[in-house]
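A quick write-up on the structure given underneath.
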Amino acid sequence: MQTFRFLLSRLAKGILVVLAIVVFDFVLIHLAPGDPAAVMAGESGATDEAFVQQLRTKFGLDQPILTQLGLYLWGVVRLDLGFSYRQQMPVIDLVMDRLPATLLLTGAAFLFSLTVGVAAGAWAAAHKGKPLDRLITTIALVFYATPLFWMALMAVLVFSVWLGWLPAFGLREVGGEANFWERVLDVARHLVLPAVTLGLFFTAVYVRMTRASMIEVGRQDFVKTLRAKGLSERVIQRRHVLRNAVLPVVTLAGVQAGQMVGGAVMTETVFAWPGIGRLMYEALLQRDYNLLLGVFVVCAAMVVVFNILTDLVYRLVDPRIEVSS
Amino acid sequence: MSDTPDIPVLAVEKLAIALPAGADRLYAVEHVSFEIRRGETLAIVGESGSGKSMSANAVMGLLPPATRVAEGAALLEGTDLLKLDAEAMRGIRGRRIGMIFQEPMTALDPLMRIGAQIAEVFEAHGLLTPPERRARALALLEEVGIPEPERAIHAYPFQLSGGQRQRVVIAMALALDPVLLIADEPTTALDVTTQAQILKLIRDLQHKHGTAVMFITHDFGVVADIADRVVVMRQGRVVETGPAAQVLSAPSHEYTQALIAAIPTGRGAAAPPPAKEVVLAVRDLTKTYRSGGGLFRPARVVPAVKGVSFELKRGETLGVVGESGSGKSTLGRCLVRLIEPDSGSIRLDGHETMGQSAGEMRLWRRRMQMVFQDPYGSLNPRTRIGRIIAEGPIAAGVPVKDALRKAGELLAMVGLDASAVDRFPHEFSGGQRQRIGIARALALDPEIIIADEAVSALDVSIQAQVLALLADLKARLDLALIFITHDLRVAATICDTVAVMRKGEVVEMGPAADVFGNPQHDYTRRLIAAIPGRAEGDAFAQAAG
Amino acid sequence: MKGFWSRFCRHKAAVVGLIVVALVLIIALIAPLLYPVSPWKMVQRPFLPPFANPNFPLGTDTLGRNVASGLAYGARVSLLIGTVSTLVALAVGVPIGALAGYFGGWVDDLLMRFTEFFQTVPSFALAIVLVAIFQPSLVSIIIAIAIVGWPPVARLVRGEVMAQRKREYVEAAILAGQSDLTIITRQILPNVVSPIVVLASLMVASAILLESSLSFLGLGDPSVMSWGYMVGAARTVVRQAWWLSVLPGVAILISVLALNLVGEGLAEALDPRSARDAA
Numbered sequence: 001m002q003t004f005r006f007l008l009s010r011l012a013k014g015i016l017v018v019l020a021i022v023v024f025d026f027v028l029i030h031l032a033p034g035d036p037a038a039v040m041a042g043e044s045g046a047t048d049e050a051f052v053q054q055l056r057t058k059f060g061l062d063q064p065i066l067t068q069l070g071l072y073l074w075g076v077v078r079l080d081l082g083f084s085y086r087q088q089m090p091v092i093d094l095v096m097d098r099l100p101a102t103l104l105l106t107g108a109a110f111l112f113s114l115t116v117g118v119a120a121g122a123w124a125a126a127h128k129g130k131p132l133d134r135l136i137t138t139i140a141l142v143f144y145a146t147p148l149f150w151m152a153l154m155a156v157l158v159f160s161v162w163l164g165w166l167p168a169f170g171l172r173e174v175g176g177e178a179n180f181w182e183r184v185l186d187v188a189r190h191l192v193l194p195a196v197t198l199g200l201f202f203t204a205v206y207v208r209m210t211r212a213s214m215i216e217v218g219r220q221d222f223v224k225t226l227r228a229k230g231l232s233e234r235v236i237q238r239r240h241v242l243r244n245a246v247l248p249v250v251t252l253a254g255v256q257a258g259q260m261v262g263g264a265v266m267t268e269t270v271f272a273w274p275g276i277g278r279l280m281y282e283a284l285l286q287r288d289y290n291l292l293l294g295v296f297v298v299c300a301a302m303v304v305v306f307n308i309l310t311d312l313v314y315r316l317v318d319p320r321i322e323v324s325s
Numbered sequence: 001m002s003d004t005p006d007i008p009v010l011a012v013e014k015l016a017i018a019l020p021a022g023a024d025r026l027y028a029v030e031h032v033s034f035e036i037r038r039g040e041t042l043a044i045v046g047e048s049g050s051g052k053s054m055s056a057n058a059v060m061g062l063l064p065p066a067t068r069v070a071e072g073a074a075l076l077e078g079t080d081l082l083k084l085d086a087e088a089m090r091g092i093r094g095r096r097i098g099m100i101f102q103e104p105m106t107a108l109d110p111l112m113r114i115g116a117q118i119a120e121v122f123e124a125h126g127l128l129t130p131p132e133r134r135a136r137a138l139a140l141l142e143e144v145g146i147p148e149p150e151r152a153i154h155a156y157p158f159q160l161s162g163g164q165r166q167r168v169v170i171a172m173a174l175a176l177d178p179v180l181l182i183a184d185e186p187t188t189a190l191d192v193t194t195q196a197q198i199l200k201l202i203r204d205l206q207h208k209h210g211t212a213v214m215f216i217t218h219d220f221g222v223v224a225d226i227a228d229r230v231v232v233m234r235q236g237r238v239v240e241t242g243p244a245a246q247v248l249s250a251p252s253h254e255y256t257q258a259l260i261a262a263i264p265t266g267r268g269a270a271a272p273p274p275a276k277e278v279v280l281a282v283r284d285l286t287k288t289y290r291s292g293g294g295l296f297r298p299a300r301v302v303p304a305v306k307g308v309s310f311e312l313k314r315g316e317t318l319g320v321v322g323e324s325g326s327g328k329s330t331l332g333r334c335l336v337r338l339i340e341p342d343s344g345s346i347r348l349d350g351h352e353t354m355g356q357s358a359g360e361m362r363l364w365r366r367r368m369q370m371v372f373q374d375p376y377g378s379l380n381p382r383t384r385i386g387r388i389i390a391e392g393p394i395a396a397g398v399p400v401k402d403a404l405r406k407a408g409e410l411l412a413m414v415g416l417d418a419s420a421v422d423r424f425p426h427e428f429s430g431g432q433r434q435r436i437g438i439a440r441a442l443a444l445d446p447e448i449i450i451a452d453e454a455v456s457a458l459d460v461s462i463q464a465q466v467l468a469l470l471a472d473l474k475a476r477l478d479l480a481l482i483f484i485t486h487d488l489r490v491a492a493t494i495c496d497t498v499a500v501m502r503k504g505e506v507v508e509m510g511p512a513a514d515v516f517g518n519p520q521h522d523y524t525r526r527l528i529a530a531i532p533g534r535a536e537g538d539a540f541a542q543a544a545g
Numbered sequence: 001m002k003g004f005w006s007r008f009c010r011h012k013a014a015v016v017g018l019i020v021v022a023l024v025l026i027i028a029l030i031a032p033l034l035y036p037v038s039p040w041k042m043v044q045r046p047f048l049p050p051f052a053n054p055n056f057p058l059g060t061d062t063l064g065r066n067v068a069s070g071l072a073y074g075a076r077v078s079l080l081i082g083t084v085s086t087l088v089a090l091a092v093g094v095p096i097g098a099l100a101g102y103f104g105g106w107v108d109d110l111l112m113r114f115t116e117f118f119q120t121v122p123s124f125a126l127a128i129v130l131v132a133i134f135q136p137s138l139v140s141i142i143i144a145i146a147i148v149g150w151p152p153v154a155r156l157v158r159g160e161v162m163a164q165r166k167r168e169y170v171e172a173a174i175l176a177g178q179s180d181l182t183i184i185t186r187q188i189l190p191n192v193v194s195p196i197v198v199l200a201s202l203m204v205a206s207a208i209l210l211e212s213s214l215s216f217l218g219l220g221d222p223s224v225m226s227w228g229y230m231v232g233a234a235r236t237v238v239r240q241a242w243w244l245s246v247l248p249g250v251a252i253l254i255s256v257l258a259l260n261l262v263g264e265g266l267a268e269a270l271d272p273r274s275a276r277d278a279a
């Protein structure tokens, strides 16, 4: 019951945030350079004023601004994010077509970075001040400071161009005659480089967070009680300190997962991965503002959904929340 | 009371613990020797920095990373603990020596159920099967007096009160029937009535199991209640050892004498102050906290102050006593409007202050100033002392130079050197900081001073000095004083009138002698009965007087 | 101050970081003296590899432009955008955080909902959209980076101010009759400066990363040479002339790394607790 209520209030809040983003979006569209009608007309090759006016009327651009906002909002509610005149397709269709690839990429990168990051961070914390700790934190710092696009480019250069181990571009290669498992393997081979490069920056973030959190928890009073019980240091670290330290890391990771969608723009651009990040880049090149902002709204909505999921997980894991919140 | 007094359970011999380089002294403790016998309670008493906890940690093998044992031995039934390797020491902890700590609120893993945490003690030493561990955990919870142990075993720590959590820690410490129990200030963080219950529990369990107890405390009242023998420590050295009765009634070392003399005795000012005009009249003051309310949740309502009324005369000291959560601090802050009360009337010299604008409030608030609890948090670490004291007058329009000169005079008045104006708070000790806080409160020439737990964070010898200073200033400046405290002994020492608060209400109010000598309300009686070392304290106070 | 420096210098990596940052700063300042010719100008044949011609030690790019000159001018842009956008983000985030933390209640609710909104929006995507809509220029890039950069400042300052607000010296200041503004600026903020300084040094680093990412995507100011643009322009020729992508990338990596090291050094020098951990 409590959880249900919580979910409701979180959903309500999430919807408000998405609505705010849509309004924000609307404002941006109107700040974008060029009269949309003139742009449309230009697309279709006609330039005479009467046609432009006709387009204005057709798309409600001659209505008062608030009516336009209302229409826009109503459109979003019906999952209508506008029309891409360059690609001659509704924005939502373009986005939906590309979304699965992005979810696959970011999902894989998130799992990779969280598991490797937490493990390495815990490992470093357990050897605090020793050479192993220094090594892990140094590597993490380097990855933290490396531009994502450059790391992607270097990965292509080294593992694809020079070593020829992994494919550098696209999502799949094998033809229609391949069976299911061959196709899965093919996609997985294509996934390795983009997922790992996208994940490495976040791995570095989680290493630092986990290490700091473990050290912080290790200082708390209850750890002394555990020692007084005669528990071994291994059990104390694994069963108690890590559990307490991972909770805040997972929450923060959930919040940061949203940033991964942004990072996907870089990775997908370099690896020609057919996701919404690449779509955003294409929209950017073509100055297709409707598409650009449509992708942006979907990204933001994904982040909101992800945050709600993280909150739910957190609630299930931390017994204190039920009463204290 | 011991059955086999021949061999001590624990013998600490010439213990010395080295501090890291750069500390204010070379050794945390030095030349420390003592013995504890079966079934005996040895109290180790000292003020902060005396090294009493450090000695206990050394015995337990839990010294902080930068410190190390430099010399000496700690023989547990003949085995030198200080020579054991980490794994052997781990086998001793929890099994042969149990330990309980000062802060029950943070002593348990917040994410693990109580039952599992107790069962871990058996697991750590490879004892029993999981169902047996569970059964033992249940039995232990029952033994330490947790209500509804069947439910408590599934509870998480946050669902238990501080006193209950301390019982759980005690259950874990005694789970394997250790020969020695180390209790490091186990009741300091608890309210006085809970403290009495926990002390009784430790005593009862000790009788039943014949455990030797090493009890570390700063409170001579607790010593009188629980100790068979006493070790008094000061700055890392033992200054006096002996049977409790002897040390308490006829201390031989002058430091012990000074400590015991500094304990508030509850024998306060004999003569009631001459009746003067009323400076503060409070009527039906009420403050209710609402929290957590949201779209889908009802708000939680906590009445912090409920219909409180009293009058305060010039030159009078009103004590407001109560346990944590009684609303006494909220009351003090409502009076100066650091917290905005919901309703009621606060009349200062006959003028109503409720419902005034911020500007008007700033004017009369100068006449009512506060001395705070935390000697560290109440002074801005980045501001020089002179400026800290002078801020009030400067804000009131006094030229900076004059205000700073006056700050120097005030420092002299509270017994500090006037040169302190140019120094920063961190250069002063806790007691000196409280003096600075008092000087700041005096800077605006107030009529009323509200002291909120102003001596609670101080060692007992410093406490006595600050209390004396407050009493002296009150008399010299003809101030009215509202003294908020959880410590009934302190209240009885310096207050003329006492108000006892519980759950936001004043349950009893009257002249201090009446309230403490002949309490009318049941709650007051329970509070007074729970004061540690009451009988002995009064006894030596009478002997001295 | 002396204690601060000795604590900072105990952290060797931080000292190295500081030296590197200083070098990058010097190169940025004297770039026009070192390379009076515009970095956009073709000066040699294209694809000249490094060390082949002593006049152009790092070679030339796809259009025969001097790579070394581009790197020097790129340092100017990176540092300029990094510091200015951080200052703007601080100017927005510090007041919002301070007000929310000091007053609490509905002020806090309102300001924090506002902040959360900007934190929920995926920051890099937002930066892309903002720069694209307002057309790439130094000003739009700085504003976009500041807009995605201020929420963490506000949250940090709010948390720190809230913690200070609970301390009794603030109550004492209220009783002394000081105004809220005086209390915030003269009593509380001086106690919050250390974490802000540390955060600011890290923000300059991430602003440089963000700027390079934007210009890599073609959203850099078209009139100034930047590292991200250089990598982006060399991306398609990575097989033939890998050094053209590697060199500017290394420049970014080293600068960002150095700033992070300085940030860690500052954190340890300014926070007595972490200083103790290091010991």
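Respectively, the protein sequence lines represent chains A, B and C. Taking UniProt numbering, the leading residue of the first sequence gets 1, the next gets one more, and so forth. Taking UniProt numbering, the leading residue of the second sequence gets 1, the next gets one more, and so forth. Taking UniProt numbering, the leading residue of the third sequence gets 1, the next gets one more, and so forth. Ideal Cβ positions, reconstructed from N, Cα and C, are used throughout, including at glycine.
Not one beta carbon of chain A lies nearer than 9 Å to the beta carbon of valine 301 of chain B. DSSP lists B:Ile449 as the beta-bridge partner residues of glutamine 369 of chain B. Looking only at C:Leu181, C:Leu80, C:Leu257, C:Ser123, the smallest Cα-Cα distance to glycine 258 of chain A is reached by C:Ser123.
Between methionine 233 of chain B and lysine 52 of chain B the beta-carbon gap is near 5 Å, inside 8 Å, which marks them as a contact. Under the Cβ criterion of 9 Å, phenylalanine 222 of chain A is counted among the residues facing chain B. One thing to note: leucine 198 of chain A has its Cβ no nearer than 9 Å to the Cβ of arginine 10 of chain A. In the same chain as glycine 430 of chain B, and ignoring 5 residues on each side of it, the C-beta atoms closer than 8 Å to its own belong to Pro375, Tyr376, Ala457, Leu458, Asp459, Ile462, in chain order. With 16 or more other CB atoms across the displayed protein chains lying within 10 angstroms of its CB, phenylalanine 110 of chain A is buried. The criterion of a C-beta distance shorter than 9 Å is not satisfied by isoleucine 133 of chain C and leucine 214 of chain C. Listed as beta-bridge partners of lysine 313 of chain B by DSSP are B:Val278. Boundaries cannot be given for glycine 504 of chain B, as no beta strand (DSSP E) includes it and DSSP labels it neither H nor E.
Using a Cβ-Cβ cut-off of 8 Å, threonine 269 of chain A is close to Leu217 of chain C, given in chain order. Here the C-alpha atom of glycine 78 of chain B lies approximately 59 Å from the C-alpha atom of asparagine 307 of chain A.
Counting only residues of its own chain and dropping the five nearest sequence neighbours on each side, isoleucine 96 of chain C has a CB closer than 6 Å to the CB of Leu111, Ala154. From the beta-carbon of proline 190 of chain C, the residues of chain B found nearer than 7 Å are Arg382. Scanning B:Gly350, B:Ala471, B:Arg382 for the CA closest to the CA of glutamate 427 of chain B turns up B:Arg382. When secondary structure is reduced to three states using DSSP, methionine 112 of chain B falls in the coil class, being assigned neither helix nor strand. About 19 Å separates the beta carbon of phenylalanine 149 of chain A from that of valine 224 of chain C, a gap too long to meet the 8 Å contact definition. The count of Cβ pairs closer than 8 Å, one atom from the stretch 268–281 of chain A and one from the stretch 228–246 of chain A, stays below three, leaving the stretches out of contact.
Annotation: the continuous alpha helix (DSSP H) that includes phenylalanine 143 of chain A extends over 131–145. Nearest in C-alpha terms to phenylalanine 215 of chain B, of all of B:Gly510, B:Leu527, B:Ile44, B:Pro511, is B:Ile44. Inter-residue distance for lysine 406 of chain B and alanine 390 of chain B is about 8 Å (C-alpha atoms, whole angstroms). Taken through DSSP and simplified to helix, strand or coil, glycine 49 of chain B comes out as coil. Less than 9 Å separates the beta-carbon of leucine 81 of chain A from that of glycine 75 of chain A.
Secondary structure at tyrosine 35 of chain C: coil, using DSSP grouped into helix, strand and coil. For valine 317 of chain A, not one C-beta of chain C is nearer than 9 Å to its own C-beta.
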